[in-house]
Structure formats: structure tokens, C-alpha cells
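Trainee: Quick note on numbering: the sequence shown equals residues 35 to 927 in our numbering. Beta carbons: idealized from backbone N, C-alpha and C, even for Gly. In this text the structure is predicted, and so the values were computed from the model without any measurement.
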Amino acid sequence: MNSNVLASHADYRLPVNVKPTHYDITIKTDLERAEFQGFVKISLNVKNETFRIVLNSSHLHLHKAILKSDIPDLTQEESARISEPSKERVTFIFPKSLPSGSRAELRVGFEGRFADEAVGYYRSSYIQDGQTKYHSLTQFEPTHARRAFPCWDEPLLKSTFAITLLSRVDTVNLSNMPVTAEEDCDMYGGTGDAFQFLSPFISKEKWKVTSFQTTPPMSSYLVAFANGPFEFIERVVELPISKKSIPLRAYTTPKLAHQTQFVLDVKYKVLPLYEKIFDIEYPLPKLDTLVATDFLGAMENWGLIIGEARSMLLDAKKVDLKSQKQAMKLQSHEVAHMWFGNITTMEWWNNLYLKEGFATLMGGVIIPDRVFPEWKPDSSFVTEELYAALNLDAKLSSHPIEVDFTDANRIIQLFDSLSYFKAASVLRMLASYVGEAKFLKGVSIYLKKRLFGNSVTKDLWEGISEVTGLDIVHLMENWITKTGFPVLTVTETAGAIHIRQDRFLEIGCAEGEDNDTLWNVPLGILTVDEGGRSLIDQEQTLTSREMTIPLDTSKPFKLNANTTGVYRVLYAPEILEKIRHEMIKENSCFSLNDKLGLINDSMALSKAGLAKLGTTLSLIESLKNEKEYLVWSVMSISITGIISIWWEYPHIVEKLDAFRRTLFMRLVEQLGYEHKDRESADTTMLRTCAITQAALAGDQRVIQELRDRFTHYIKTGDDSVIPVDLQQIIFQMAVKHGGTDEYDAVRRLYEKPNTQTQRTSAIHAMGSTQDPTLMKRTFDLISQNTRVQEIMPFLKGLLENFRARHALLQFFMDEYNTIYKQCKDTFILPNVIQIPLSCFSTQKDYDRIKEYFKGKDTSKYDMALAQALDGIQARMALINKATEELEDWVGRW
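#1: Along the chain, which unbroken stretches of the beta strand (DSSP E) at least 3 residues long are found entirely within the stretch 249 to 294?
#2: Can ALA291 and SER245 be called in contact, C-beta distance under 8 angstroms?
#3: So, for TYR222: in the same chain, excluding its five sequence neighbours on each side, which residues have a beta-carbon less than 8 angstroms away from its beta-carbon?
#4: Considering HIS992, what are the terminal residues of the beta strand (DSSP E) in which it resides?
#5: Helix, strand or coil: how does DSSP classify ASN82 here?
#6: When the Cα atoms are used, what is the spatial distance from LEU48 to VAL124?
#7: For PRO434 and SER201, what's the separation of their Cα atoms in angstroms?
#8: Quick one: complete alpha helix (DSSP H) runs, 4+ long, within the stretch 766 to 816?
#9: Have a look at SER134 and ASP104 and give me their C-alpha separation to the nearest angstrom.
#10: Across which residues does DSSP place PHE744 in a beta bridge pair?
#11: Using C-beta distances below 7 angstroms, list every residue in its chain close to ALA393, excluding the 5 sequence neighbours before and after it, in chain order.
#12: Which residues in the same chain as MET637 place their Cβ atom closer than 6 angstroms to its Cβ, once the five residues preceding and following it in sequence are excluded?
#13: Would you mind giving the Cβ-Cβ distance between PHE183 and GLY72, rounded to the nearest angstrom? I have them listed as a contact below 8 angstroms.
#14: Cβ atoms of TYR255 and ALA179: under 8 angstroms apart, would you say?
#15: Apart from the five residues just before and just after THR84, which ones in its own chain have a Cβ nearer than 7 angstroms to its Cβ?
#16: Rounded to the nearest angstrom, what separates ARG607 and PRO684 at their Cα positions?
#17: Can you have a look at ASP879 and say buried or exposed, based on whether 16 or more other CB atoms are within 10 angstroms of its CB?
#18: Assuming contact is defined by CB atoms lying nearer than 8 angstroms, are LEU355 and MET719 in contact in what I supplied?
#19: Quick one: residues in its chain with C-beta nearer than 7 angstroms to the C-beta of PRO288, no 5 flanking neighbours on either side, listed in chain order?
#20: Anyone know if the C-beta pair for ASN554 and THR582 falls short of 8 angstroms?
#21: Does the distance between the C-beta of ILE400 and the nearest non-hydrogen atom of the ligand FAD fall short of 7 angstroms?
#22: ASN210: which of LEU140, ALA642 and LEU282 sits nearest, CA to CA?
#23: Give me, in chain order, the residues of the same chain whose beta-carbon lies closer than 7 angstroms to that of ILE686; leave out the 5 immediate sequence neighbours on both sides.
#24: Within a Cβ cutoff of 6 angstroms, which residues of the same chain sit near ILE913, ignoring the five residues on either side of it in sequence?
#25: Near ASP904, which residues of its chain fall below 8 angstroms by C-beta distance, leaving aside the five closest residues on each side in sequence?
#26: In the DSSP output, what is TYR467 paired with across the bridge?
#27: Could you check how far apart the C-beta atoms of ALA731 and ARG694 are, in whole angstroms? I think they sit under 8 angstroms.
#28: Put PHE329 into one of helix, strand or coil per three-state DSSP.
#29: Three-state secondary structure (DSSP) at ASP187?
#30: Give, in chain order, every unbroken run of the alpha helix (DSSP H) that is at least 4 residues long and sits entirely within the stretch 690 to 761.
#31: If the criterion is Cβ atoms closer than 8 angstroms, does the pair ILE479 and GLU500 meet it?
#32: Using a threshold of 8 angstroms, state whether the C-beta atoms of ARG930 and ILE127 are closer than that.
#33: Let me know the alpha helix (DSSP H) ranges lying completely inside the stretch 851 to 881, each 4 residues or longer, listed in chain order.
#34: What are the partner residues of GLN162, as DSSP defines its beta bridges?
#35: Start and end of the beta strand (DSSP E) containing PRO119?
#36: Can you list, in chain order, the residues of its chain whose CB lies under 8 angstroms from that of LYS475, leaving out five sequence neighbours each side?
Dropping the structure here:
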């Protein structure tokens, strides 16, 4: 490591002269006064002689630090203190040095106010019986534990934690571990340093003390606690390896606990599967889920998962399939972390993907495939996670999966589609290549070797190498450490195919130094035998720039069988035509995943200028008799994507909408508007897709039907006319094609929803108004009243409204400071920056946006900004290249 890197690490990483081994943390929570106080005792091993102790602290008022040593005459109070707010750390300086090999205990009292953002230890509000109520909760990942108590806030510095929470008697306290004792307490009669420190902060109301078991060794970002008037439901599960019966609970605010039944049932089903697959006991005596009012996504705190109400509260009688799938993936993902991330933790945030990529694969594909096979989780992964990753990674401004960030300001940028979705896709590709059973066995070996410890990438590769006998480090190196992915160009030669790899970019193939990387590419060659049955060759791997493979090209074939590879394939036109002919057959040799991959590759290659847009649209048209929902979903995404690029060309949009109506109205007529008893998930989702696309494309019959249903509902309160899977598009059409009355009706549903999904649908719909006055009311709602977790749904709803796009950009620029302050330390900040910029395609807009950000501190989102600007340039280039061709295709169609 060179001296510059070492200096950089010294600037942002804590020194290792002492190492924490255990924390005793006492926190007193006052929800009414929006404040907390605490006292921490941290046991330390002294590695090198020192009189300086450096640790993290942010947004806290720290009292005098006392250092107790196992050498009696070295117990002392701090003599000086250096605070470094920009680095979120504090240095305590003591009069006497602690010798190497000694042990000490640092004791510090502290005070804090609840954060305005959804990070650190913060307060959340909710309405009950017309009154505002509160509860508190934590979100410490990646670097926010330091906002709740002074600590060594780095994943490598694992410790055990003993948590004690003081709160009012009419509230419930939660933490990572089970309660050991809880009792009312006359605080003035308390004993010990913590109670002596906290006594002056206690009012005359009744208080209680809740003590929790000590945790296993874990990183500070996994500590969690919460306080409020929570209610819960419970199931007890028996685990297959440990043979333990442990309680599973789902907590939320009063009167809503029944809406956590679905996520509780998911947890009940998946936890035993994880224990069995990993062959490692779940190490804690309980696993709770807290569904919170103000929370972003979900967080895998050990023993206390916290998730957002918007995604995890589901009314059993009024829940759509999309919401169920999202809640399932969130809960299953977080349970995966109990092993992959919590037992074994990355050494530093550059290896974030080790836990997030793996939890995405396990929680979204491997486990759901065993529990919810009817939802086709592997195929859904292809259409959602895989292609989201490839779309981002096709930008010049992309980054490798593994990035060496030391600056805490930039770490939140790593929580993106590459750390989650590309990492999961790369792991899925490896699992397919070596076989899922061997892959999971290797993962188990990796976890067992690193139990309660930390790891880096090579540790995982070595575990899989041990099982497979393959050099996984060599095979996978460039997939993790290099930016981008390849496109394979396939041509036919005599009795063979020729394959060449180049880095794929959204503007075409990379050239020069941008095209230096060569990947080891599992080819997954699909062919057919004499009887027409599919055969897949998993042995062939492209390790050089080009290669030729003998193959009978007179029979159907394709690369990337089942779309398990993280690359795109560009076939010569004559090969693609043969593939298309096979693809549309009723008994095609190509699987569902193959079809999804072919459509998506075709669209991406067309946008990059490597193929004709008309070819892709003709491919879509030829699939009009397809029966699979996911194929139709990818087709709809492709057409919608083209329309969104040419949104400022109304003559093209009108003809593409006519094309959409022709495709999807046939399905609407076949499927109708009503859910049938015992119909498949595929049929339900296909109906929703077809009606949504027909309505967005402007079919007046569908629009009128949806508006009539909304009017009936508002007049009578009869929600039976609004199937829950059609709720969003019904609300959307009511607002888009209605006026103030419809907007106000949806606004009321937003403010007083019957379910969380109804609130989300209302958010999306309010962005659809075509009236500038009503549009401004939506903007005002975002800037004045919106919870942080609802900002992105509002922005996305507005982005889909072509008439709102320029107004949205202006609003974003006008309200930037407010939005930035609300989101600046959260995971969503990069996305919030990108969304208002992600539709433009002119030099004028590019210059305006670039100029706007000059002089701003973009350190928390500079990668996202660069990606957004790349996207504008790519759309500009595509419009310049393909408008004439597209006009010709829609004209002939």
C-alpha cells in the first residue's frame, strides 16, 4: 500500500492503539422532549502504549471522560479533548500513558437530540385517534451509531454489547437481544455510574428500566434499540440444526399489528431454510421485526430487523401481489444477513457487496424459489435486479463492485445497484457455473471459517474453491475489481461460431483504454439434440478477446443459457432472425429466462446503436401471442422506455402508443377487470400489466372504465369496484384525466389511507395531474409535509408525467437545499438527485444541469450525478442516431 493510501486511511480510519471488546450502554429516552441521554462503559485492550484515545462521536454532547485501568494508579480523567466534527471523531488525551498489553475501561456520559433525518437514534411520528404520537428507533448503517453513543464505529472493530434502556412505564423497549429484567424504578434510588449520571435528567413521571442479554461479538452498525407503545404478534419456530424453538415477533404501532402477519409468516418459513442451507445454527435466542413509521427500506440489525411500514404493513384482505413480493424480498433479504453480514462481516465498506449482493441473491432468488415458486423468483430477478445492474454498469461513470472508499461522506454511494444487484448477479452466475449445491457448500465453509469475525473477498472465493477445485479467485477477479461488463459479438463461420468480447457501454462498444479489461465469461451454450431437447454446455469459458467454437449452426442455439451470465450478446442479423423464429414457437427450446434475456439484450443493444430499434420493436410485435406475464412485462418496459426517451417528440409518442394499444388491448379483452378465484399469480400480474399499459397508452375505453370505478368508489365508499392490483392505475387515471375533485379525493386517501398500499398509490397518482395549479400542490406537499421515505415515490410519480418533467427539474433546483438537508445522510440521497435529471435529452438541459451543480458540495452523490449526466448524453446520442429510423418504423407499422 503506497504512502498516499496510508495517509488517506489515517484521515478517515480510527487508530488501532486500543481495541474495544465490550460496551455497557445505558440510554434514557424521552419521547415527549425529543431527547435522550446515556452513559457508556467501553472495555478496551491496549495494543500499543498510548495516552490518546480516539473514537467516533457525532451530534452528541459528551461529558467528562474517565479512564479506569487494570493498573490502579493509571485510573484518570481526561486532561484535554480534541473534537473533529468533519471527521466525526473525538480524541481524549489523558495525563498518563497506558502500557501495551494492559486493559482499561472508558466511561463517558452523553446527551443528544433526536435526529431530524432517519439516521442515528431518531424519533418517528404517527397519528392515532387524531393525535400525534411518537416512537424512537435506530438506523446505524453505515456510520451512524456514533450519533447515538460514542464508539469505535467501524465494522472490523467487533465487540459485545449489553444494552439497558430507560423509558416511561407505558412504553415498550426493544433491542437486539431478549429482555433479562424489567422493572419500575425510582431513579433517585438507582446505583452505579450510569444511574448517577442520568438521575438529574429524570422527571417525576414513572420510569422503568429494561435490561437485555449481552450480544455476541458484532459490529457497531448492527446495534439497535427502539422505544414506543408497540404491539406485537408472535410465532414460535423450531430450527433444524440447533433444534431450538425460538420466538419470532413482529412489532408495530398500536392497532396495526395484524398487518404484520405476512412478514411474520415469511420469517417463519425462511429462517429454518437459512439455518439448514448454511449448516450453521442461528445464534440468537429470538428474532424480532419492527415495522416503523419513518424508515427507509429495511435494516438487518441482529435480532431486531427494522423495516418500513410502506412496504411491510399489508392488509390481508386488501393487498396486491406486487406489494406481497416486495415485502417477501425485504424480509427474506434481512434474514439472510443474520448469517451473511452479521455472523461474518466485511472488514470495511469496500466489501459491502459481500453481504448485500449475497443477501439479494439468497433473499430474492434461492430461498423464495423454495417457498414461493409460483412467483418465479429467478425469472423476476432477471427482469428486475439483473437488468437494473447492467443499465447502471453500462455507463462510463460506473464503478467496480469493490471500491476503496475511506471517506465516510462517500460511503452511502456504495449502497447502489452495483453493490446489491450486480454483485448478486455475479454470484448467481458463479452459482450456475459451478452448480448451486457446490456454491452453497462453499459459502457454508466460508462462513464457518469466519464465525463472528470479519472477511474480505478472497475468503469467499477460497471457500468455493475448496469445494469445486477451481481457481475461483482467477475466474472472478475482474468481475469484482473492474468496472463494466462485456458484450459478446457472435458470428457464424463454417461449422462454428466466432465470439468476441468488448466492454459494453450505453453508447456502444468501448474503445482504447476503456476496453482493456478481459473477463472470464461462462458462455452457457444452449443447443438442441436430434429430438429437439435443450442441451446446455456449462464448460466453455471465454478467457481471451476472441475464440472460435465448433457448433452445428443449422440447429437452434444461443449463448447465456437461462440468462445467468452478466453480459449481453450481439448476434449477427441472420443468427438473430433464426433465434426469433425459434423464440415465438409454442414449444420453443428457449426457456422463460432465455426469452427475457433476448428481449432485454435486443433493446439495450438498440439503444447503444449496435442494432436497429426497428428490429427490437418487430421482435416485440412477433411475441403478441406470448402467454407469460414476465415476457409481457419486459415488452412493456421496453416500449415505455423508448417512449420516455422520445417524450418531446409527440408524433412518435402517438404512434408508439397506438402500437402499445394494439398489443395490450387484446389481453384486456381476454382477461377483463375482475380477479378470478384460484387464478394464478401470473394471470393476476398479466391483467394488471395489460390494463396499465392500455390506459397509459391512451385507450379511451379502458380509461373510462377505470375512471367510472373511481367515481363510484368516492361516491359510495364501495371499494369492491377497485381490485387492489388495479388500485394504482385507477387512482392515476382519475387524477390524470380528472380535475380538482379527483385530485382532492386522492389527496384525502393519501392523508387518511385505509392501508399503506393505498397511501403509496395515492402518492404516485398525485404526480399524474396535467393541471399546473394541482401540480404545484403536489410540489408543495413534497417540500412541506413529506416523510423522507416518501420523497422518492413522489418524485417517480412526477417523472412519469411528461407534462411535469421540466417543472419537476425547476422544483428540484428551487428546493435543493431543503431536499438535500432532509436526505443528506440517508441511502436515498443519490437516487433523489438522479430522478429529476433522468429524463432529459437535449444539450440545453445538459448544460443547465451541469451549470447548476457547479460550486455545490457533491461529495455525497458525485457518482450519481456523473451517472445522470452520462445518461443525458447517451439519450442525446441515441436521438441523433435513431430518430429517422424510428419514424420510419412507426410510419410503416
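Mentor: In terms of the structure at hand:
#1: 259 to 262, 265 to 272 and 279 to 286
#2: no
#3: Residue placement at TYR222 is poorly supported in this model, since its pLDDT is 40, which falls under 50; the coordinates still yield a value, given next. Hits under 8 angstroms: SER233 and ILE236.
#4: This structure cannot settle anything about residue 992, because the visible part of the chain is limited to 35 through 927.
#5: coil
#6: 10 angstroms
#7: 45 angstroms
#8: 774 to 785 and 790 to 800
#9: 12 angstroms
#10: According to DSSP, PHE744 bridges with nothing at all.
#11: HIS367, ALA370, HIS371, PHE374 and GLY375
#12: THR650 and SER672
#13: 6 angstroms
#14: yes
#15: ASN51, VAL52, SER131 and LEU132
#16: The sequence shown places Pro at residue 607, not Arg. When rounded, the distance between both Cα atoms is 31 angstroms.
#17: buried
#18: yes
#19: GLN162, PRO263 and GLU265
#20: no
#21: The model depicted lacks the ligand FAD and carries no ligand whatsoever.
#22: LEU282
#23: TRP680, LEU920, GLU921 and VAL924
#24: SER875
#25: LYS429, LEU430, SER431 and GLU540
#26: Partner(s): none; TYR467 has no beta bridge.
#27: 4 angstroms
#28: coil
#29: coil
#30: 715 to 730 and 734 to 750
#31: yes
#32: The question about residue 930 has no answer, for the chain in this structure spans 35 to 927.
#33: 863 to 868
#34: GLN165
#35: From DSSP, PRO119 is part of no beta strand (DSSP E); its letter is neither H nor E.
#36: VAL501
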